Amino acid sequence: MRRTLPLAICLIMGIVMMVQFFVPHPISVGFYDLTTKWIRIVSAFALVLGVGSLILYHIDRLQRKRPGWAYSIVTLIALVGTAITGLGWGVKPGAPLQEIIFKNILVPLNASMFAILAFYMASAAYRAFRARTKEAALLLIAAFLVMLGMVPVGAAIWGKLPDVAEWILSVPNMAAKRAILFGVALGAIATSLKVILGIERGWLGGGK
Amino acid sequence: MHISTDIWTWVAVILTFGIFSFLWKDNPFYKFCEHLFVGVSVGYTIALTWYNSVYPDLITPLFRQGKPLYVIPFLLGLCYFFRFIPKASWLVRIPMGFVLGWASGVAIPAFFQTNVIKQIQGTLLSPALFARWDVFLWALISFIGVICSVLYFFFSREHKGALKVAAETGIVFLMIGFGASFGYTVMARMSLLIGRFQFLLRDWLGVIR
Chain R
1 MRRTLPLAIC
11 LIMGIVMMVQ
21 FFVPHPISVG
31 FYDLTTKWIR
41 IVSAFALVLG
51 VGSLILYHID
61 RLQRKRPGWA
71 YSIVTLIALV
81 GTAITGLGWG
91 VKPGAPLQEI
101 IFKNILVPLN
111 ASMFAILAFY
121 MASAAYRAFR
131 ARTKEAALLL
141 IAAFLVMLGM
151 VPVGAAIWGK
161 LPDVAEWILS
171 VPNMAAKRAI
181 LFGVALGAIA
191 TSLKVILGIE
201 RGWLGGGK
Chain P
209 MHISTDIWTW
219 VAVILTFGIF
229 SFLWKDNPFY
239 KFCEHLFVGV
249 SVGYTIALTW
259 YNSVYPDLIT
269 PLFRQGKPLY
279 VIPFLLGLCY
289 FFRFIPKASW
299 LVRIPMGFVL
309 GWASGVAIPA
319 FFQTNVIKQI
329 QGTLLSPALF
339 ARWDVFLWAL
349 ISFIGVICSV
359 LYFFFSREHK
369 GALKVAAETG
379 IVFLMIGFGA
389 SFGYTVMARM
399 SLLIGRFQFL
409 LRDWLGVIR
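In order, the protein sequences belong to chains R and P.
Mapping to the numbering used here: the first sequence position 167 is 167, numbers consecutive.
Convert by adding 208 to the 1-based position in the second sequence; the result is the number in the numbering used here.
Below, the structure written as structure tokens:
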């Protein structure tokens with residue numbers, strides 16, 4: 001019962017959703033729309049657990065005075081403050097959450113965090129792109145041409161360079177991507193089938 | 209040069225420098241910004257989830273419009289909290305089974321259609337491609353590239369003879385693909401970096417327009 005019922009629900013939902021895809025009847029489409037909303041609702045409850053876990057972790061860090069405990073205060077105040085602002089004044093454009101917190105705190109932090117990756121990628125590229133083999137040389141040349149072809153200086157060096165970059169992206173790159181996509185799709189389909197048929201049971205966890 | 213007098217611009221500038229300070233080394237200023245980022249992101253997600261999912265998809269239909277069918281996701285969601293009651297913790301598996309079954313069922317035909325059927329359609333040589341020699345040549349190179357790259361991942365037979373030639377050709381395409389993807393990603397990050405510098409020089413210092 002404790003394992004069979006969840007497995008049965010998983011099997012039924014999996015088969016129903018697979019069949020539903022091939023039935024364009026309004027009832028079938030309506031069922032898909034309804035269950036999509038249900039999934040959003042159930043996922044929202046899972047978010048409560050995730051947020052609860054984060055809050056408990058930081059409260060525990062504070063209580064035990066673990067290294068860096070003061071930063072937990074920053075996280076907790078920011079979390080509660082943003083949530084209250086969002087829940088109290090809404091999330092529509094013009095609300096304080098969007099105008100103050102999103103524009104002046106979240107966007108600068110997010111963009112800066114990803115922008116510094118440019119430096120780390122450059123340093124990683126220096127180590128990885130030393131053309132020791134024929135394959136590494138190909139990778140280096142392709143990356144170099146794409147990067148150069150996407151900036152104005154590339155077009156200034158040679159007018160056709162943006163076209164070369166475009167060609168690399170749309171012909172050999174696309175061919176490699178397609179081969180990888182086939183593998184990803186077959187892997188995802190095999191894993192999904194294993195979940196539906198109850199062969200993959202890791203999600204049930206331990207215990208009875 | 210017109211330095212901004214807006215307090216929130218200064219806040220954004222301080223946070224930008226806080227994150228950039230990690231380039232020097234891990235430091236308290238960066239750690240403050242990092243923890244602030246986590247807190248604000250989670251708080252923002254809570255507000256968005258409430259207004260975009262919980263309120264319109266659960267509160268309104270169940271409690272305002274009185275649609276009894278919405279009791280099902282409500283109860284399924286509540287089952288997640290049984291993990292705090294050891295004797296009934298197995299009930300957590302019910303919403304997980306529902307979500308996993310739903311997602312797997314949706315994924316199988318969707319993945320097959322988008323990542324297999326559509327990609328094969330895009331790879332196949334159609335009569336329309338013969339109209340122009342360059343279009344045909346690129347399509348032919350793409351076709352050979354896909355076949356050879358797929359054959360590289362075929363490990364059920366030893367790579368020798370014709371299979372070795374095909375697999376080695378596949379490596380060429382894969383390496384060009386990885387290089388192109390890397391270059392594309394670097395440029396996307398560079399674009400973000402330029403955006404940050406534009407913010408600092410235009411919105412904060414006012415030295416560029």
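Note that the Cβ used here is the ideal one computed from N, Cα and C, for glycine as well.
The structure displayed is predicted, hence computed values, not measured ones.
Where the alpha helix (DSSP H) containing residue i begins and where it ends
{"i": "Leu401(P)", "result": "Ala370 to Gln406"}
{"i": "Trp218(P)", "result": "Ile215 to Phe228"}
{"i": "Gly216(R)", "result": "Since the displayed chain R opens at 1 and closes at 208, residue 216(R) lies outside it and no answer follows."}
{"i": "Leu140(R)", "result": "Lys134 to Gly149"}
{"i": "Ser364(P)", "result": "That residue, Ser364(P), is in no alpha helix (DSSP H); it is neither H nor E in DSSP."}
{"i": "His243(P)", "result": "Pro236 to Thr257"}
{"i": "Ser72(R)", "result": "Trp69 to Trp89"}
{"i": "Ala318(P)", "result": "Arg301 to Phe319"}
{"i": "Arg127(R)", "result": "Leu117 to Ala128"}
{"i": "Gly187(R)", "result": "Pro172 to Ile196"}
{"i": "Ile280(P)", "result": "Val279 to Cys287"}
{"i": "Ala155(R)", "result": "Pro152 to Ile157"}
{"i": "Gly94(R)", "result": "Here Gly94(R) belongs to no alpha helix (DSSP H), and DSSP marks it neither H nor E."}
{"i": "Phe21(R)", "result": "Thr4 to Phe21"}
{"i": "Ile328(P)", "result": "Lys326 to Thr331"}
Distance CB(residue i)-CB(residue j) smaller than 8 Å
{"i": "Gly403(P)", "j": "Ala111(R)", "result": "yes"}
{"i": "Val209(R)", "j": "Ile254(P)", "result": "Past the boundaries of the shown model lies residue 209(R); chain R is included only from 1 to 208, so the question cannot be answered."}
{"i": "Ala176(R)", "j": "Ser357(P)", "result": "yes"}
{"i": "Tyr71(R)", "j": "Phe240(P)", "result": "yes"}
{"i": "Lys208(R)", "j": "Arg40(R)", "result": "no"}
{"i": "Ile189(R)", "j": "Phe319(P)", "result": "yes"}
{"i": "Ile384(P)", "j": "Leu140(R)", "result": "no"}
{"i": "Leu408(P)", "j": "Ile211(P)", "result": "no"}
{"i": "Met121(R)", "j": "Val415(P)", "result": "no"}
{"i": "Gly149(R)", "j": "Val164(R)", "result": "yes"}
{"i": "Thr191(R)", "j": "His243(P)", "result": "no"}
{"i": "Ile116(R)", "j": "Phe230(P)", "result": "yes"}
Inter-residue Cα distance where the pair is residue i and residue j
{"i": "Tyr252(P)", "j": "Leu97(R)", "result": "8 Å"}
{"i": "Pro162(R)", "j": "Asp411(P)", "result": "31 Å"}
{"i": "Phe21(R)", "j": "Pro108(R)", "result": "41 Å"}
{"i": "Gly391(P)", "j": "Phe144(R)", "result": "7 Å"}
{"i": "Leu7(R)", "j": "Val195(R)", "result": "9 Å"}
{"i": "Lys295(P)", "j": "Phe306(P)", "result": "21 Å"}
{"i": "Asp265(P)", "j": "Val300(P)", "result": "22 Å"}
{"i": "Gln327(P)", "j": "Ala185(R)", "result": "11 Å"}
{"i": "Tyr360(P)", "j": "Ala124(R)", "result": "26 Å"}
{"i": "Leu349(P)", "j": "Met174(R)", "result": "Sequence inspection shows Ile at residue 349(P); the Leu mentioned does not correspond to that position. Approximately 10 Å between the Cα atoms of the pair."}
{"i": "Leu400(P)", "j": "Thr217(P)", "result": "18 Å"}
{"i": "Leu308(P)", "j": "Thr268(P)", "result": "26 Å"}
{"i": "Trp69(R)", "j": "Leu62(R)", "result": "5 Å"}
{"i": "Asp214(P)", "j": "Ala78(R)", "result": "21 Å"}
{"i": "Leu204(R)", "j": "Leu5(R)", "result": "11 Å"}
{"i": "Leu286(P)", "j": "Phe237(P)", "result": "40 Å"}
{"i": "Gly274(P)", "j": "Ser43(R)", "result": "22 Å"}
{"i": "Leu11(R)", "j": "Gly313(P)", "result": "9 Å"}
{"i": "Met147(R)", "j": "Leu283(P)", "result": "52 Å"}
{"i": "Asn260(P)", "j": "Gly94(R)", "result": "17 Å"}
{"i": "Ser297(P)", "j": "Arg291(P)", "result": "4 Å"}
{"i": "Trp38(R)", "j": "Phe45(R)", "result": "11 Å"}
{"i": "Pro24(R)", "j": "Trp341(P)", "result": "40 Å"}
{"i": "Ala35(R)", "j": "Trp232(P)", "result": "Correcting the residue identity first, residue 35(R) is Thr in this sequence and not Ala. Their backbone Cα atoms lie some 49 Å apart in a straight line."}
{"i": "Thr133(R)", "j": "Gly81(R)", "result": "54 Å"}
{"i": "Lys160(R)", "j": "Leu223(P)", "result": "40 Å"}
{"i": "Arg417(P)", "j": "Asp33(R)", "result": "47 Å"}
{"i": "Ser28(R)", "j": "Met13(R)", "result": "13 Å"}
{"i": "Ala220(P)", "j": "Phe102(R)", "result": "10 Å"}
{"i": "Ala396(P)", "j": "Ser389(P)", "result": "11 Å"}
Among the options, the one whose alpha carbon lies nearest that of residue i
{"i": "Ile168(R)", "options": "Lys368(P), Ile379(P) and Phe386(P)", "result": "Phe386(P)"}
{"i": "Phe289(P)", "options": "Pro276(P), Tyr278(P) and Met304(P)", "result": "Met304(P)"}
{"i": "Leu197(R)", "options": "Ile316(P), Tyr278(P) and Thr268(P)", "result": "Ile316(P)"}
{"i": "Thr257(P)", "options": "Thr35(R), Asp33(R), Gly86(R) and Val164(R)", "result": "Gly86(R)"}
{"i": "Gly330(P)", "options": "Ala142(R), Ala137(R), Phe182(R) and Thr133(R)", "result": "Phe182(R)"}
{"i": "Thr322(P)", "options": "Gly30(R), Arg178(R) and Ile27(R)", "result": "Arg178(R)"}
{"i": "Trp310(P)", "options": "Val19(R), Gly206(R) and Gly187(R)", "result": "Val19(R)"}
{"i": "Pro172(R)", "options": "Arg397(P), Lys368(P), Ile280(P) and Leu345(P)", "result": "Leu345(P)"}
Min CB distance residue i to chain C below 8 Å
{"i": "Tyr71(R)", "result": "Looking at the structure shown, chain C is missing, and the protein chains on hand are R and P."}
Problem - Contact the stretch 125-137 of chain R vs the stretch 365-375 of chain P: 3+ CB pairs below 8 Å - result: no
Exercise for the section: Assess, as a yes-or-no matter, whether the stretch 347-363 of chain P is touched by the stretch 377-386 of chain P under the definition of 3 or more beta carbon pairs within less than 8 Å. Expected result: yes
Practice task
Decide yes or no for the touch test of the stretch 54-74 of chain R against the stretch 230-247 of chain P: beta carbon pairs closer than 8 Å, at least 3 of them.
Solution key: yes
Handout entry: Three-pair Cβ contact test at 8 Å for the stretch 199-208 of chain R versus the stretch 332-339 of chain P
Key = They do not touch, by the three-pair rule.
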